[in-house]
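Enquirer:
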Amino acid sequence: MNTAAPRPGLPLWQKIVAVIVAVSGLILAVAGAYLLSLGGTWYYLVNGVLMLISGVLLFAGRLWGAKLYGVVFLLALVMTLVESATRLWGWVPRMGYITLLGFFVALMVPRLSAGRLRKHGYLAAAGCIVFAAIAFALVFRTQYVEHGDDAPQAPLAAGDNAKARAAQADSEWAAYGRDTDATRYSPAAQITPENVGKLKVAWTYHTGDLPPPGKTNKWGAQNTPLMIGDGMYVCSATNNVSKLDPATGKEIWKFVSGVKYENVPYTAACRGVTYFVSNAVPEGQSCHARIIVATLDMRLIELDAASGQPCAQFGSEGTVNLLTGMGKSVPGQLAVTSPPVVVNGTISLNHQVLDNQRRWAPSGVIRGYDAETGAFKWAWDVNHPGTVWHQEPGPGQEYSRGTPNSWGPMAGDNALNLIYIPTGNSAADYYDQLRTPAENAVASSIVALDATTGEQKWVFQTVHKDTWDYDIGSQPTLLDFPDHSGTPVPAMIIPTKRGQLFVVDRRNGKPLLPVEERPADTKVTVPGESRASTQPWSTGMPRLGMPDLKESTMWGMTPFDQLYCRVKFRQAHYTGEFTAPQLKQPWIVFPGYNGGSDWGSVAYDPARGILVANWNVTPMYEHYIPRKQADAQDLYSIDDPRYTPGKGGAEGPGAMEDTPYAISVSAFMVPGLKTLCNEPPYGMITAINLHDQKVIWQQPLGTARANGPLGLPTGLPIQIGTPNNGGPAITAGGLVFVAAATDNLLRAIDLKTGKVLWTSVLPGGGQATPMTYTVNGKQYVVQMAGGHHFMETPISDALVAYSLP
99 MNTAAPRPGL PLWQKIVAVI VAVSGLILAV AGAYLLSLGG TWYYLVNGVL
149 MLISGVLLFA GRLWGAKLYG VVFLLALVMT LVESATRLWG WVPRMGYITL
199 LGFFVALMVP RLSAGRLRKH GYLAAAGCIV FAAIAFALVF RTQYVEHGDD
249 APQAPLAAGD NAKARAAQAD SEWAAYGRDT DATRYSPAAQ ITPENVGKLK
299 VAWTYHTGDL PPPGKTNKWG AQNTPLMIGD GMYVCSATNN VSKLDPATGK
349 EIWKFVSGVK YENVPYTAAC RGVTYFVSNA VPEGQSCHAR IIVATLDMRL
399 IELDAASGQP CAQFGSEGTV NLLTGMGKSV PGQLAVTSPP VVVNGTISLN
449 HQVLDNQRRW APSGVIRGYD AETGAFKWAW DVNHPGTVWH QEPGPGQEYS
499 RGTPNSWGPM AGDNALNLIY IPTGNSAADY YDQLRTPAEN AVASSIVALD
549 ATTGEQKWVF QTVHKDTWDY DIGSQPTLLD FPDHSGTPVP AMIIPTKRGQ
599 LFVVDRRNGK PLLPVEERPA DTKVTVPGES RASTQPWSTG MPRLGMPDLK
649 ESTMWGMTPF DQLYCRVKFR QAHYTGEFTA PQLKQPWIVF PGYNGGSDWG
699 SVAYDPARGI LVANWNVTPM YEHYIPRKQA DAQDLYSIDD PRYTPGKGGA
749 EGPGAMEDTP YAISVSAFMV PGLKTLCNEP PYGMITAINL HDQKVIWQQP
799 LGTARANGPL GLPTGLPIQI GTPNNGGPAI TAGGLVFVAA ATDNLLRAID
849 LKTGKVLWTS VLPGGGQATP MTYTVNGKQY VVQMAGGHHF METPISDALV
899 AYSLP
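Numbered per my numbering, the sequence shown spans residues 99 to 903.
(1) Which first and last residues belong to the alpha helix (DSSP H) in which Y141 is found?
(2) Excluding sequence positions up to five away, which residues of its chain have a Cβ less than 6 Å from the Cβ of G852?
(3) What's the C-alpha gap between H887 and N315?
(4) How would you call T620, buried or exposed, if buried means at least 16 neighbouring beta carbons within 10 angstroms?
(5) Under a Cβ-count criterion, where at least 16 other Cβ atoms within 10 Å of its own Cβ denotes burial, should S631 be classed as buried or exposed?
(6) Where does the unbroken beta strand (DSSP E) through G510 begin, and where does it stop?
(7) Alpha carbon to alpha carbon, what distance is there between V622 and P640?
(8) Could you give the C-beta distance for L833 and P309, rounded to a whole number, given that I count them as a contact under 8 Å?
(9) Assign H886 to one of three DSSP states: helix, strand, or coil.
(10) Of the residues A866, V147, R160, T365, which one's Cα is nearest the Cα of K113?
(11) Does the beta-carbon of P104 have 16 or more other beta-carbons within 10 angstroms, so that it is buried, or is it exposed?
(12) Is the separation between the beta-carbon of G430 and that of V375 shorter than 8 Å?
(13) For R369, write down the residues that DSSP places opposite it in a beta bridge.
(14) For E649, collect the residues of the same chain with a Cβ closer than 8 Å to its Cβ; drop the 5 residues on either side in sequence, then sort them by chain order.
(15) What is the C-beta distance between L532 and T757, in whole angstroms, given that I count them as a contact (C-beta under 8 Å)?
(16) Rounded to whole angstroms, what's the CA-CA distance from V439 to S446? Just pull it up for me.
(17) Is it the case that the Cβ atoms of P76 and K850 are separated by a distance below 8 Å?
(18) Among residues of its own chain, excluding the 5 on either side of Q877, which ones have a beta-carbon nearer than 6 Å to its beta-carbon?
(19) Between which two residues does the beta strand (DSSP E) holding G484 run?
(20) Just curious, the beta strand (DSSP E) that R845 is in, first and last residue?
(21) For K316, which three-state DSSP category applies?
(22) Between the segment 716-726 and the segment 650-658, do at least 3 Cβ pairs fall closer than 8 Å?
(23) Who are W566's beta bridge partners in DSSP?
(24) Once DSSP output is grouped into helix, strand and coil, what is the label at E777?
(25) I783 CB to nearest chain C CB: under 8 Å?
(26) Looking at the secondary structure, which residues open and close the alpha helix (DSSP H) in which D696 lies?
(27) Checking the sheet assignment: what are the DSSP bridge partners for P634?
(28) How is the beta strand (DSSP E) around M424 delimited, first residue to last?
(29) Specify, as a first and last residue, the run of the beta strand (DSSP E) that V339 falls within.
(30) Decide if the segment 570-580 is in contact with the segment 695-702; the criterion is three or more beta carbon pairs, one per stretch, under 8 Å apart.
(31) Could you tell me whether the segment 671-683 touches the segment 780-794, where touching means 3 or more Cβ pairs closer than 8 Å?
(32) To the nearest angstrom, how far is it from the Cα of V561 to the Cα of A392?
(33) Can you tell me which of V763, I893, A183 puts its alpha carbon nearest to the alpha carbon of A319?
(34) With a CB to CB cut of under 6 Å and the five nearest residues on each side skipped, what residues in its chain are close to A804?
(35) Candidates S427, M424, L401: which alpha carbon is nearest G416's?
(36) What first and last residue would you give for the beta strand (DSSP E) that runs through N714?
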């Protein structure tokens, strides 16, 4: 009996399946041949050809078409096992589409054959369903979980930091990082792993500060409120400050800053305000306790904490003009987005500069002011002779232009009288030919300044000659750490965008855990450009990152977008973390400028010696644009008269005027689909035992419930691990609270095990660090849910507080 004889009259749906198989094979074969010509894998060419032949035979009603498709399926399975193995996300593009088509091909078999082979077709279809169901169930399972050491229950060291924390009220959240050490650790313990599931919304406060219609492209309310004494102090996206009753959320007073939308830089963000108690004003009088806010339009303001009225004795009726000495600038080019730091009566202030616009952008100068009066005290200006100004620039003078700016939260040390400045790059992030040696020496570093004089005390650099935009956005965390002899010393943890965690002695900047200089890519094809031959790696701490990219780790929802990413990978220059920029070829930067730890920083539990950090891996695809071509594209600096709003910004396409090139920077992703080209997870959270510097647990942070292809939410609770902004908070109750991810959830995680115990859907994106406090015997957890333009989360003005019933 000839069981292979064709059966007449294929139904229309079977013809459609055959055409889809054939066309799919043709696309994979053609693109696969191009990938092979770039030095890529042969797989797509071979399997594409087999699929094409299979589709043609199926359309002709031949059983061999189905048999050949079986070979396609088996080859895909073998390739998946070879390239992806236990990395389950790698199975999605390799087997998902192939299995789906295989199901329909199997259903064609009864029509293509006779006898017992008809039953085989149904069994094959059922097998496809079972295979897909198992794979889908495994994807729902949390992946990448590491269980290392048991969570310790003892302090790491007891030194001066422990004494300083003991003097702070357990019930309060008195600074941006909760305390002057920036630990984001609260002694509050009412909420525990056993009862956290009962948390409910206690109150919601609306700041009333929302972008104008159609202007959400620069919005991102990133505030972490303060709670001190009888009040909670909240800063809106454009610097309006409110005092709330911490028990009810009722507004006590509001100060309207008057910041205009035109002054919004890359992001409308007020990450926090600063609390200061005056020694010059007696308790009970106006402006004894003050709230310090620095604005997006470059003003430094002090408010009476009791009434919200400006303090007349500070500056000019409560305000200091921060544009003095800055020279030419336009609205939005300069802004203060992080809270100032007060150390021993001196306010230290940094500011953001849109430094990807031109080489000679306004200065990144760091300045100090008298906290009582607002009088100018000093300015640390990298390229100014002697480096410190002791009086403000006069007529015709200005601070050195284009120097590295600092935009992330700073930290201060009253005992050592030091201010710790996380720095960025010189202006024109991606071109270093015009940088001075003095600038190169302090960029992408922590710089320690004397709070009284502004004198530079030490520098610890995390990247040499940075042209990857690996500026430090994280606030350093201060702690007591044992030195090589076991003696507690004042130390600092420095989180970075690279995912490196450096631990240094904060008295002198010398590493307390090993740091190794490793060779780096120096193959630059740009005239006059050079790269550092080595880069620093923290070998004494776990790295918050994924392995270097490979063609085999390119990703997609289907084999087509995965193939697209493989081609783009092969077209680019990539040699690892410090890939050197090229003149005529794009290059890949991984983990990218939104990688590792950013402004959300890390949390540290000094009672247990545990560090918790959430982090990103987002590769960037970059290439230079020659100046003539940039001009033809109307790509100009924001302060250029020819500038067109929306063309270029702090990130993405940057004009880099005053240099030979503009720069194109974009996430390495599939256009239209909005899916990244690297395998998930894209965001993680990690707990580290600082007693032995080993991982306790690690897992993806963020689900697919509000994310998906084409930017459409899937509603699925799959822990894909999403990009995230905003940090964690730890409590003595043994919990980690964190939002940050793009799934719009606030979650509570068991500090000991990493298990997610509770989640709540926020009214907007939770791109801010949560805080917690206790009032009237009840513990509250508060999260700003303002959303974020870059993370594409919903914009809101809601501040949400939770408590137990």
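Ideal placement from N, C-alpha and C gives every residue a C-beta, glycine not left out.
Expert: Here's the rundown:
(1) 141-157
(2) W795, Q797
(3) 5 Å
(4) exposed
(5) exposed
(6) 509-511
(7) 30 Å
(8) Going by Cβ atoms, the distance from L833 to P309 rounds to 33 Å, so no, they are not a contact pair.
(9) strand
(10) R160
(11) Any answer about P104 is weak, because its pLDDT of 45 lies below 50 and its placement is not dependable; what the coordinates show is given next. P104 should be labelled exposed.
(12) no
(13) BP columns for R369 are empty, so no partner.
(14) G138, T139, R664, F667, R668
(15) 7 Å
(16) 5 Å
(17) An answer regarding residue 76 cannot be provided, because it is not within the stretch 99 to 903 covered by the chain.
(18) A286, Q288, I289
(19) Looking at the DSSP string, G484 is not in any beta strand (DSSP E), and its letter there is neither H nor E.
(20) 843-848
(21) helix
(22) no
(23) According to DSSP, which records beta bridges pairwise, W566 is partnered with nothing at all.
(24) coil
(25) Judged by its chain identifiers, the structure shown contains no chain C, having just a single protein chain.
(26) Note, D696: premise wrong, no alpha helix (DSSP H); not H, not E.
(27) E615
(28) M424 -> no beta strand (DSSP E), and no H or E assigned at all.
(29) 339-342
(30) yes
(31) no
(32) 29 Å
(33) I893
(34) P811, D841, N842
(35) L401
(36) 708-714
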